[in-house]
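Here the structure comes first, spelled out in structure tokens, and everything after it is commentary.
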Amino acid sequence: MAALWTEASLPPEDEEENVLHIGGIFPIAGEGGWQGGQACMPAAHLALEDVNREKNLLRGYRLHLHSNDSECEPGLGASVMYNLLYFPPYKLMLLAGCSTVCTTVAEAAKMWNLVV
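Quick look at the structure:
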């Protein structure tokens with residue numbers, strides 16, 4: 001009976017509370033887009049995969065990236081940021097890949113005590 005209780009009390013590996021959510025605002029398309037923007041999102045995904053694969057980092061947690069395109073436009077970037085913040089799950093951190101959008105995000109994110 002003790003073995004059954006112990007097994008049942010262990011959380012599954014994909015338990016939602018063990019996931020740290022990160023918001024990504026990447027310049028993928030648009031006239032103001034940055035050519036390197038198309039490389040930002042895949043690079044961020046690869047970095048998160050590396051961290052998640054390494055068992056000595058963030059033991060018991062997994063990183064998950066939620067992202068959208070800012071087209072390197074500050075107004076659209078702000079809209080993407082608000083959508084990332086106001087719709088669950090809650091994000092721990094925001095990433096941005098275009099200087100004009102980064103400035104907008106950094107100025108607004110301090111209101112939510114977010115790391116940018």
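The UniProt record's numbering puts the sequence shown at residues 1 to 116.
Note that the Cβ used here is the ideal one computed from N, Cα and C, for glycine as well.
Since we're looking at a predicted model, the values are computed, not measured.
With distances taken between CA atoms, G37 lies nearest to A96 out of T104, A96, L92. Counting only residues of its own chain and dropping the five nearest sequence neighbours on each side, A29 has a CB closer than 7 Å to the CB of D69, E71.
Rounded to the nearest angstrom, the Cβ distance from K91 to I22 is 6 Å, consistent with a contact under 8 Å. Between L76 and L84, the CB-CB gap reaches or exceeds 8 Å. If the five residues before and after G60 are omitted, its C-beta is found closer than 7 Å to the C-beta atoms of N18, all from its own chain and listed in chain order. Annotated three-state conformation of A47 is helix, per DSSP. Under the three-state reduction of DSSP output, S67 falls in the strand class.
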